[in-house]
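*Asks:* All residue numbers for the sequence shown refer to numbering that gives the first Met the number 0, where the first residue is 0 and numbers rise by one. Where a beta carbon is used, it is the ideal one built from N, C-alpha and C, also for glycine.
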Amino acid sequence: MRMEQDLEGPAHIRDHHSQQRNPARHKGAYDCALVLGGGGVKCLAHVGVLETLERMGLKPDLIVGSSIGSVMGGVYAYRNDAAFLRAFALRFAGNPMLKKLERGFSAGPARLMSRLASFCLLSLGFAHSFWTRGLLSAARVKRAYRHVIGENVLSSRIFLLEDTVIPFAALATDLSTSDAIIMTTGDMPDALYASSALPGICKPFQLSGMQLVDGGIVSVIPVMAAHLLGAGKIIAVNTEPAIRRTRFANALGFLDVASSIRGMRWHTLETALADLVITPDSTERYEFYQFSKAEACIDAGRKALTDRRDNIETLITSPPNQAKIAKRIYLERFYPHRII
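#1: Report the residue from S218, T176, I181, V276 whose alpha carbon sits nearest the alpha carbon of M209.
#2: Per DSSP, which residues does I234 bridge with? Please list them.
#3: At what residues does the alpha helix (DSSP H) containing Q321 begin and finish?
#4: Going by CA-CA distance only, name the one from D178, G199, F167 that's closest to L191.
#5: Between V40 and Q289, which are expected to be in contact by the criterion C-beta below 8 angstroms, what is the C-beta distance as a whole number of angstroms?
#6: Candidates I324, A271, H266, H45: which alpha carbon is nearest V74's?
#7: Distance, Cα to Cα, L211 vs I180?
#8: Go ahead and pull the three-state DSSP assignment for D60.
#9: Can you list, in chain order, the residues of its chain whose CB lies under 8 angstroms from that of G231, leaving out five sequence neighbours each side?
#10: Could you say if the region 213-228 and the region 300-314 meet the contact criterion of at least three C-beta pairs nearer than 8 angstroms?
#11: Could you give the distance in angstroms between the alpha-carbon of P279 and the alpha-carbon of M71?
#12: Grab the span of the alpha helix (DSSP H) containing V46 for me, first residue to last.
#13: With a cut-off of 8 angstroms on the beta carbons, I'd call G38 and E239 a contact; round off their distance for me.
#14: Apart from the five residues on each side of it in sequence, which residues of its chain come closer than 8 angstroms, Cβ to Cβ, to P335?
#15: Enumerate in chain order the residues of its own chain whose CB-to-CB distance from C42 is below 8 angstroms, with the five nearest sequence positions on each side excluded.
#16: Please report how far the alpha carbon of A86 lies from the alpha carbon of D173, in whole angstroms.
#17: Helix, strand or coil: how does DSSP classify D309 here?
#18: For R337, which residues in the same chain have their Cβ closer than 6 angstroms to its Cβ, ignoring the five residues on either side in sequence?
#19: If you run the structure through DSSP and keep just helix, strand and coil, what is F158?
#20: Are the beta-carbon atoms belonging to I165 and A76 less than 7 angstroms from one another?
#21: The alpha helix (DSSP H) spanning L89 covers which residue range?
#22: Out of V217, L61, A171, A81, state which residue places its alpha-carbon closest to the alpha-carbon of L300.
#23: Give the single residue among Q205, I339, K58 whose Cα lies nearest to the Cα of I233.
#24: By DSSP's criteria, D173 is part of a beta bridge. Which residues make up the other side?
#25: How long is the line joining the alpha carbons of A225 and G93, rounded to whole angstroms?
#26: With distances taken from CA atoms, which of I260, L227, K292 is nearest A273?
#27: Please identify the residue among T51, M182, P198 whose C-alpha is closest to the C-alpha of L206.
#28: Rank D213, L304, R264 by C-alpha distance to the C-alpha of V348 and give the top, closest one.
#29: So, for I216: in the same chain, excluding its five sequence neighbours on each side, which residues have a beta-carbon less than 6 angstroms away from its beta-carbon?
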């Protein structure tokens, strides 16, 4: 972490064409990284975390995101502006596509016709996914980003990972090799889509022979990715706490929990490698698709960070924990990855 005044001005006022880009900067050593985990709407808690850090006058030296956490982290790293991130997050949550998904995935309404409509929507959606590998394509999701951020940003090729004010990386999974793909260069919308492309909902993103999907498959909280990029100290925001539910509103909730249990062992291990874990506990009551709960999740993130403020101040003035670093180094052999 460093004080805010140590950073450059907002990226959106820079001349992207004359700027000296440095793709290798992510491979250097960083004092303290902020790692933002996945979890659908729960990831909007990251907005509250970043708002509170900004009010404290602190900025991370590196941000690494997985799944929707990469979307929140990437926008903030690029604009260096918590107010803009909040506006982005609320417009993102209000996107018509997400509203339709929430209505379709929610528990059956009381009226018979509404139940029938929801059933038809889900049936058609799953049938379409079966034949086409996903409901949403990269082009469609990038159009949604363009609607949120502005035509002049995403209609060109200047929205690049290496142009961020704060060094940033997005994590994706390569279906062809099962490798964790740590993206530090290239087109930002492509990386954000690949990192958050939930299998069955979004189509894989094709890049240099790789089939990239949601980074949460290999790391819900990409602590190892931050370590591999050179972070000495790591603060992780865990929006996917331990499994506690035994009742499910629908089949989608059942599948979500089953998938979470499958990866829980590595998730627990990787989370323990962080120097400090921020957990917005109140978000656990929400399903990943309930984007109507955006404001509540933002508030949960703000409260969670405020509660750990003393711990953060202690961490940033302390030397790196060599025991933690040694454990991360040992686990590198069990974490196949590529940095691109």
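*Replies:* Well, looking at it:
#1: T176
#2: L33, L275
#3: 321-330
#4: A check of alpha carbon separations from L191 across D178, G199, F167 identifies F167 as the nearest.
#5: 5 angstroms
#6: H45
#7: A straight line joining the alpha-carbon of L211 with that of I180 spans about 8 angstroms.
#8: In this structure, D60 counts as coil in the three-state DSSP scheme.
#9: If we look at G231 and ignore the five residues flanking it on each side, its Cβ neighbours are A28, Y29, D30, C31, P319, I324.
#10: no
#11: 16 angstroms
#12: Boundaries of the alpha helix (DSSP H) around V46: 44-54.
#13: 5 angstroms
#14: T176, S177, D178, A179
#15: Residues of the same chain with a CB within less than 8 angstroms of the CB of C42, apart from the 5 flanking positions on each side, are L35, G36, S66, I67, G68, V70, M71, T238, C296 in chain order.
#16: 31 angstroms
#17: DSSP places D309 in the helix class (H, G or I) of the three-state scheme.
#18: These residues qualify, in order along the chain: D178, I180.
#19: The three-state secondary structure of F158, taken from DSSP, is coil.
#20: yes
#21: 81-92
#22: Checking the sequence, you will find Gly at residue 300 rather than Leu. Comparing Cα positions, the closest option is A81.
#23: K58
#24: L211
#25: 31 angstroms
#26: L227
#27: Ranking T51, M182, P198 by Cα distance to L206 puts M182 first.
#28: Summary: the structure shown does not reach residue 348, with the chain confined to residues 0 through 339, and so no result is reported for it.
#29: T172
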